[in-house]
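Trainee:
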Amino acid sequence: MPRLALLLPFVLLLALAVGLPTPAAANPVRTDNVEAELRAELPAAVPGEPLWLAVTQRIRPGWHTYWKNPGDSGIATEVKWTLPPGWQAGPLVWPAPERFPVGPLVNFGYKDEVHLLTRVDVPADAAPGGTVTIAAQADWLVCEDICIPESARLELTLPVAAGPVAPTPAQAALFAQARRALPVPSPFPATFLAGDTAHQLVLSTGDLAGAELADAFFFPDLWSVTPAAAPQELRLDADGVRLVLPRSGALPAESVTGVLLLTERLEGREIRQALEIDAPIEAAPAGGSPAPGRAAAETASLGVGLALLLALAGGAILNLMPCVFPVLSIKVLALVSHAPGRAPVHGAAYAAGVLATFAAVAGLLLALRAGGAQIGWGFQLQDPLVVAVLAYVMFLLGLWLSGVYELGGRAQGLGQGLAARGGYAGSFFTGVLATVVATPCTAPFMGTAIGFALLQPWPLALAVFLALGLGMALPFLLLTLSPALLRRMPRPGLWMERLKQALAFPLYATAVWLVWVLSIQAGPDAVAWVLGGMVLVAFAAWLYGVTRSSGAGWRLGASAFGVLALAGAVAMARVPALAGPAVPPPPAGTAAAADDTAPFDEAALAALRAEGRPVFVNFTAAWCITCLVNERTSLSADTVKQAMAAKGVAYLKGDWTNRDAGIARVLERFGRSGVPLYLLYRPGEAEPEVLPQILTPGLVLEALETLPDRAS
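Per mature numbering (1 follows the signal peptide of the UniProt record, and there is no 0), the sequence shown runs over residues -26 to -1, 1 to 686.
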């Protein structure tokens, strides 16, 4: 009995402990650089009442994680919730971020410790007396000189209480600290004035004469509003606070949101206040925006007339690119059989096809970019299904030129065969086809013109794209309008049939190249599927050809089987497109390529520049013929490789074959909407040299000669 008496206090303490609420925090998960923990504000969930959760990151000193807009590089922290049925989690509530300069770049994020809050709505029918488990899969990128992706699965078990519960003092203090770090709604109305070369964020505080506002910086929710690394000029006037923001990319439709961080001097101390901004967009007054002095702004500051002339010249040169020349040659060949009086109409029909297709591509591109998509010229070739179907089209046209089947009369235009209609329709669809196959190519002046167009209102942007199309159609159009040139063309004969057959082989080669592009985009299995689809395409073409002189029943049956075969080919092309790459690409910046290049990564670029090394960056894509020609003829030349080695140049390659938002952001930063883009960063210089889109070994060597020799 005395022993039982001695044990009684411990039994009572154990009973009390069992009756207390469970701790509202999960055990922390530690990675190499971050300790993550999931906490609840209340020790229990209450039916019908909101429950606030916090994912806490304790970050290794000198390292940082990222805000929802990471700035020039990085990836925002992401949390995916696993909740009981009927429970709903809201979005993350982000604290005000900080700026982290990394060489010439600036990132937005957090250091030391950050609490990411989320509100969870507990259903009213949650059963009191039980327990629930809440899980959070947290993924983040943590960076110092290098960047490391990390993750943690956090779980928290809470009881469900029948009535109100109060937070513990520790949890109350933690969530109060988390809320103090949040931006507060601005007490002053804000307006965003959109300018041609720079924007202005105006906070209508009234006259602040005598106020000691030391600094202001705007963190936009969308990266495209203004470059993260660009300086923001603070002005105080009768309206209040005015912040000049260099222009970057597309703006949202109605208003600009973000966080405005104000720093005020008060009694010898600096006080920071973060304001939540939701500023309606208005047009800036003429002449009210200073030039930001960056590459994208320089492109945007082109005159309209100069942009149209560059587009016209770029479109004309596009005819000499290997994508367009075979198709244009076939159309020129078709002119031999046309009556001279009909040639101008064919030229006009061809030009109409080119312009209509440029307008359609431009309209889709502008609409997608207005919706926030980070895409550029040639964006459709980043879709494996489009690449596969285009390979089928090239193969089918090659079979037509080889005589496997015939559409219409002799020596008709290539597009006429596509349309299976009269000659003018054929000329129109030849223009359509020429434009479609032109998208893998980039000619001089095109990049500047399209970069300008994508920063303008849609009517002006469309005018630039149409000028590009007109330039492409102009050589053929001028030929059809010149009787003297038409008279000098050779007379029809057997040579036309032989030349027609010979022109099939560039189309076969184009189909092979497109299948190779597809193997990079969707993996090696895609090659087998698409080659199988090509067998069906060839069967459909042969079946059509051998039954054209048969009876109506045979022709109808052959057409039905041909349509089924083509549908089967498209279905086979969709298999790799839906499956995606069979083998994921190596993480950027972690592995060197076989040709002594490393994958482009903004953090790797910043680290190399911090070491004082010169860096050459090649933005390319497997579907960009101009890029491939430059790499084979110039960048792979022994003299260029030796010069890079002698100067200690680091070579980074940004592959845009598949969609990559990070590369799209860099392209737009330099006023470009597509590849190729070549940048040479010199030690100690903030901005790189932008090399021409068409390279020669001499051009590259001339740029490299200005670099100092590598120290031995």
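Beta carbons are placed, not taken as given, at the ideal position from N, Cα and C, and that holds for glycine.
Give me the Cα-Cα distance between E118 and P35, rounded to the nearest whole angstrom.
Mentor: Rounded to whole angstroms, E118 to P35 spans 9 Å at the Cα level.
Trainee: According to DSSP, is L473 part of a helix, a strand, or is it coil?
Mentor: In this structure, L473 counts as helix in the three-state DSSP scheme.
Trainee: Do K627 and T594 have their C-beta atoms closer together than 8 Å?
Mentor: Contact flag set, yes.
Trainee: Which class does P573 belong to by DSSP, given the choice of helix, strand or coil?
Mentor: If DSSP states are grouped into helix, strand and coil, P573 belongs with the strands.
Trainee: For D629, which of N293, D357, T670, A596 has the nearest alpha-carbon?
Mentor: Looking at the Cα atoms, A596 is the closest of the given residues.
Trainee: Indicate the three-state DSSP secondary structure (helix, strand or coil) for T142 in the structure shown.
Mentor: Residue state, collapsed to three classes: coil.
Trainee: Looking at the structure shown, is N293 part of a helix, part of a strand, or coil, going by DSSP?
Mentor: Coil at N293, not helix or strand.
Trainee: Could you name the residues that DSSP lists as bridge partners for S125?
Mentor: Bridge partners of S125: D113.
Trainee: For L16, which residues of its own chain have a beta-carbon under 7 Å away from its beta-carbon, when the five flanking residues on both sides are left out?
Mentor: Hits under 7 Å: A(-3), L25, V139, P141.
Trainee: What residues are listed by DSSP as bridge partners for R606?
Mentor: Per DSSP, none; premise fails for R606.
Trainee: Can you give me the start and stop residues for the alpha helix (DSSP H) that W487 sits inside?
Mentor: It spans 478 to 496 - the alpha helix (DSSP H) in which W487 sits, taken as one unbroken run.
Trainee: Just checking my contact of M618 with L678 at CB under 8 Å: how many whole Å lie between their CB atoms?
Mentor: 7 Å between Cβ atoms; contact.
Trainee: What separation, rounded to the nearest whole angstrom, lies between the Cα atoms of Q667 and V328?
Mentor: Cα to Cα, the separation comes out at about 23 Å.
Trainee: Find the nearest neighbour of A365 within the set V378, H320, V509, judged by alpha-carbon distance.
Mentor: Considering only alpha carbons, the answer is V509.
Trainee: Give the single residue among R646, Y652, A578 whose Cα lies nearest to the Cα of N592.
Mentor: The option with the nearest alpha carbon to N592 is Y652.
Trainee: With H, G and I counted as helix, E and B as strand and the rest as coil, what does DSSP make of F162?
Mentor: Coil at F162, not helix or strand.
Trainee: With distance defined between alpha-carbon atoms, name the residue in D357, R643, L175 nearest to S493.
Mentor: Checked all of D357, R643, L175; the closest Cα to S493 is D357.
Trainee: With a CB to CB cut of under 6 Å and the five nearest residues on each side skipped, what residues in its chain are close to G527?
Mentor: Cβ neighbours of G527 beyond the five flanking positions: none.
Trainee: By DSSP, does D590 sit in helix, in strand, or in coil?
Mentor: The displayed chain sequence assigns Phe, not Asp, to residue 590. F590: strand per DSSP, three-state reduction.
Trainee: Taking the C-alpha atoms as reference points, what is the distance between L340 and S198?
Mentor: The alpha-carbon atoms of L340 and S198 are separated by roughly 14 Å.
Trainee: Thinking L175 and L210 are a contact (beta carbons under 8 Å), I'd like their distance in whole angstroms, please.
Mentor: The pair is not a contact, with the Cβ atoms about 13 Å apart (cut-off 8 Å).
Trainee: Can you grab the Cα-Cα spacing for the pair V548 / V363, in whole Å?
Mentor: In the sequence on display, residue 548 carries Arg and not Val. The alpha-carbon atoms of R548 and V363 are separated by roughly 9 Å.
Trainee: Just reading off the alpha helix (DSSP H) that Q616 is part of, what are its end residues?
Mentor: Per DSSP, Q616 belongs to the alpha helix (DSSP H) from 612 to 621.
Trainee: Under DSSP, the alpha helix (DSSP H) around A638 begins and ends at which residues?
Mentor: Here the alpha helix (DSSP H) through A638 covers 635 to 643.
Trainee: What's the C-alpha gap between H38 and D95?
Mentor: The straight-line gap from Cα to Cα measures roughly 31 Å.
Trainee: Excluding the five sequence neighbours on either side, which residues of its own chain have a C-beta within less than 6 Å of the C-beta of G445, listed in chain order?
Mentor: Closer than 6 Å at Cβ, skipping near neighbours: L286, G289, A290.
Trainee: Is A70 closer than 8 Å to P157 when the C-beta atoms are compared?
Mentor: Yes.
Trainee: Measure the C-alpha to C-alpha separation of G372 and A458 and round it to an integer number of angstroms.
Mentor: Distance between the alpha carbons of G372 and A458: 32 Å.
Trainee: Can you give me the Cβ contacts of R268 inside the same chain, cut-off strictly under 8 Å, excluding the 5 residues immediately before and after it?
Mentor: Model confidence at R268 stands at a pLDDT of 43, short of 50, so the residue's coordinates are unreliable and nothing is read from them.
Trainee: May I ask you to list the residues that DSSP assigns as paired with T56?
Mentor: The partner list for T56 (beta bridge, DSSP) reads A109.
Trainee: Reducing DSSP to helix, strand and coil, say where W516 ends up.
Mentor: Helix, per DSSP.
Trainee: Assess contact between the stretch 105 to 121 and the stretch 42 to 58, defined as three or more Cβ pairs (one per stretch) separated by less than 8 Å. Is contact present?
Mentor: Contact between the stretch 105 to 121 and the stretch 42 to 58 is present, because at least three Cβ pairs lie under 8 Å.
Trainee: Ignore the nearest five residues each way along the sequence and tell me which others in G383's own chain have a CB closer than 6 Å to its CB.
Mentor: Any reading at G383 must be qualified, since the residue scores a pLDDT of 40, below 50, and its modelled position is unreliable; the value itself is stated next. So no residue of the chain qualifies.
Trainee: Using the C-alpha atoms, what's the distance from P671 back to T631?
Mentor: Looking at the two C-alpha atoms, the distance is approximately 24 Å.
Trainee: Okay, do the stretch 232 to 244 and the stretch 141 to 152 touch, 3+ Cβ pairs below 8 Å being the bar?
Mentor: Short answer: they don't touch.
Trainee: Between the Cα of A136 and those of A437, D189, E605, P97, spot the shortest distance and give me the residue it belongs to.
Mentor: The shortest Cα separation from A136 among A437, D189, E605, P97 belongs to P97.
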